[in-house]
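Right, one structure below, let's go through it.
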Amino acid sequence: MVSNEPLDLIRIVQGHVLYFVEILHELDTATTPTAAGLADRAFSYTPTGSRQLHATAIKGRLDLLLACGLVTKPSRTTYRVTALGRAFRAATPCMAPLDSAVPPEPNAAVAPEPTVIDAQGEALAAEVESAAYESSSPELLERAVIMALAYLGMPGHHIGGPDHADGVVHVGVGAHRRVLAVEAKTSAKGRVVYQSLSRLPVHRAKVGADLTLLIGPGFDPRLQEEADEDPSIALVCAGTLAEAVRTQALTP
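The sequence shown: position 100 = 100 (our numbering), numbered continuously.
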């Protein structure tokens with residue numbers, strides 16, 4: 001049995017993001033259990049015509065798995081599956097590696113099959129990606145991520161303002177309902193360098209949340225390390241959120 005701790009967020013992301021819980025399987029056999037090493041294995045799960053996943057995208061996935069207790073970090077760059085992670089992967093359907101002996105050529109020309117994407121989902125994804133770089137208008141990202149999370153089945157509302165979380169969303173229903181505080185940070189250079197984490201517990205308390213989703217275009221390694229030490233904080237790259245929205249838009 002998987003722990004009774006709500007893991008609805010992980011299940012929702014698994015349903016919308018390629019190569020997520022599959023990472024828990026790969027960590028047991030990976031020669032190099034780092035974000036870069038796992039990125040090298042991602043080709044086994046990537047359908048023909050899809051864009052390759054790089055270490056930055058894998059790091060965002062690992063941060064969320066770490067925040068939910070499914071992996072741990074025995075060193076600064078390596079990861080290991082926890083007992084909860086092993087139980088969760090055993091109870092969660094995952095994608096099997098595709099039958100491919102070698103990774104695709106980086107410059108190989110592939111003609112993907114035409115797809116139809118929901119216009120609202122594409123607009124939301126594009127708004128999240130562009131707003132993440134609008135340092136002069138942080139509220140654009142705050143509102144965009146709340147709408148994107150709602151699109152993924154996590155309803156909530158925008159709050160904003162000093163001394164408050166930027167927003168709040170809900171996962172699950174009834175006894176399994178979980179409240180998540182949302183903090184959205186912009187950076188014109190594509191990487192959030194400084195963000196005080198000391199006030200996040202206060203923000204969570206005000207909305208009755210037990211986890212903070214800190215969303216930005218990217219994060220400085222020092223900020224990542226600080227967040228990694230707090231299991232109540234999950235760093236989510238705006239690109240990963242946009243990817244989840246686009247996946248949902250293709251399979252609503």
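C-beta: ideal position from N, C-alpha, C; glycine also.
Because the structure is a prediction, the values reported are computed rather than measured.
Measure the CB-CB distance between residue i and residue j and report whether it falls below 7 Å.
i, j, result
"S130", "T186", "no"
"L257", "Y79", "Any answer about residue 257 is impossible in this case: the structure gives the chain only from 1 up to 252."
"G172", "H158", "no"
"R89", "V21", "yes"
"G208", "V179", "yes"
"P162", "G190", "no"
"L39", "L53", "First, the amino acid is wrong: residue 39 is Ala here, not Leu. Yes. Within cutoff."
"D118", "A244", "no"
"T82", "T72", "yes"
"G60", "C237", "yes"
"G156", "I146", "yes"
Where does residue i sit, in a helix, a strand or coil, going by DSSP?
i, result
"L70", "coil"
"V253", "Because the chain in this structure spans residues 1 to 252, residue 253 falls outside the shown range and cannot be described."
"R80", "strand"
"G172", "coil"
"F20", "coil"
"E134", "coil"
"A123", "helix"
"I146", "helix"
"E229", "coil"
"T29", "helix"
"R89", "helix"
"T212", "strand"
"R222", "helix"
How would you write the range of the alpha helix (DSSP H) that residue i sits in, first residue to last?
i, result
"R51", "Careful: R51 lies outside any alpha helix (DSSP H) and carries neither H nor E."
"A238", "A238 to L250"
"A35", "A35 to R41"
Might you give, ordered along the chain, the residues of its own chain that have their beta carbon closer than 7 Å to the beta carbon of residue i, omitting 5 neighbours on each side?
i, result
"A188", "Y133 and S135"
"G153", "I12"
"E122", "R246 and A249"
If contacts are defined as beta-carbon pairs under 8 Å, then residue i and residue j qualify, I think. What distance do you get, rounded to the angstrom?
i, j, result
"P33", "L24", "P33 to L24, Cβ: 11 Å. No contact."
"L241", "A148", "6 Å"
"V182", "A165", "6 Å"
"A67", "L211", "7 Å"
What does a CB cutoff of less than 8 Å around residue i pick up in its chain, not counting 5 residues either side in sequence?
i, result
"G37", "A30 and T31"
In the DSSP assignment, find the beta strand (DSSP E) that holds residue i and state where it starts and stops.
i, result
"R204", "No beta strand (DSSP E) contains R204, which is instead part of the alpha helix (DSSP H) from L200 to V207."
"R191", "Segment: none, R191 is in no beta strand (DSSP E) and carries neither H nor E."
"H157", "G156 to H158"
Here's a check: name, in chain order, each residue in its chain whose Cβ is nearer than 6 Å to the Cβ of residue i, leaving out the five neighbours to either side.
i, result
"R246", "A125"
"L141", "A131, A132, A184 and T186"
"L235", "D63, L214, F219 and A227"
"L9", "V171"
"G239", "none"
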